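A quick write-up on the structure given underneath.
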Amino acid sequence: MKTMSLRIPDYLKNAVNDVCANEKISLNQFIVNALSEKVSALQTLDIIEKRAKRASKESFLEALSKVPSAEPDERDRL
């Protein structure tokens, strides 16, 4: 593990400290969780963008043509 120094605005540190107290977690754990969530979200977006580049309208329409035409289930109706 590495140690890092952070400079954050007082208002944000106060807000984070309040959240940590309410959740009964350390500031370190909060920051690790927040960084993990952000990295995961960005990596997921990157994966989706790469997959979208491989897509084509033709392959979408071909897959859609294989779906049978049917009334939606009662639970799926608006």
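Numbering of the sequence shown is given in numbering that gives the first Met the number 0, commencing with residue 0 and proceeding in unit increments.
The beta-carbon is built from N, C-alpha and C at its ideal position, and this holds for glycine as well.
What you are looking at is a predicted structure, and each value in this text was computed from that prediction instead of being measured.
Between the CA atoms of residue j and residue i - distance to the nearest angstrom
i          : j          : result
residue 56 : residue 36 : 32 Å
residue 62 : residue 54 : 12 Å
residue 81 : residue 6  : No answer is possible for residue 81: the residues shown for the chain start at 0 and end at 77.
residue 75 : residue 1  : 50 Å
residue 10 : residue 30 : 16 Å
Neighbourhood of residue i by C-beta distance below 8 Å, restricted to the same chain and skipping five residues each side
i          : result
residue 26 : 15, 16 and 19
Residue span of the alpha helix (DSSP H) that contains residue i, given as start and end
i          : result
residue 64 : 56–64
Residue i, DSSP secondary structure in three states
i          : result
residue 39 : helix
residue 17 : helix
residue 46 : helix
residue 34 : helix
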